[in-house]
Amino acid sequence: MPKITIELSPEGAKRLREHTGAATTRAAVNAILQPWVEPDEVASEQRDAGEKRLVTELRAEDRRGSFQRFSTASEAMRWLET
Numbered sequence: 010m011p012k013i014t015i016e017l018s019p020e021g022a023k024r025l026r027e028h029t030g031a032a033t034t035r036a037a038v039n040a041i042l043q044p045w046v047e048p049d050e051v052a053s054e055q056r057d058a059g060e061k062r063l064v065t066e067l068r069a070e071d072r073r074g075s076f077q078r079f080s081t082a083s084e085a086m087r088w089l090e091t
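For this note's numbering, add 9 to where a residue sits in the sequence shown, where the first one is 1.
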């Protein structure tokens with residue numbers, strides 16, 4: 010299963026929570042990544058069956074409206090910065 014690691018300083022985590030209005034850093038990160046998450050059909054079926062949702066890929070959209078799929082958040086962020 011893909012794994013995403015995000016390292017934040019305490020100040021960065023606080024700013025992220027304030028920016029998203031989330032109560033926890035985890036919720037703030039989820040709020041930021043949610044628009045990029047596109048579960049495959051298997052993950053959707055598992056979620057509908059009450060099983061834990063599995064994130065299988067990230068999808069990012071740049072300012073021009075172009076979409077690209079990534080396996081990690083850092084890949085998506087690098088692409089968005091270009």
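Note that beta-carbon positions come from the ideal geometry of N, C-alpha and C, so glycine has one too.
Test item: CB-CB of A40 and A31 under 8 Å: For A40 and A31, yes; Cβs fall inside 8 Å.
Three-state secondary structure assigned by DSSP to E27: Of the three classes helix, strand and coil, the one that applies to E27 here is helix, per DSSP.
Neighbour-count burial assignment, R35, 16 or more Cβ in a 10 Å radius: R35 is exposed by the Cβ-count criterion.
Residue interval of the alpha helix (DSSP H) (run including T34): Its alpha helix (DSSP H) spans residues 34-42.
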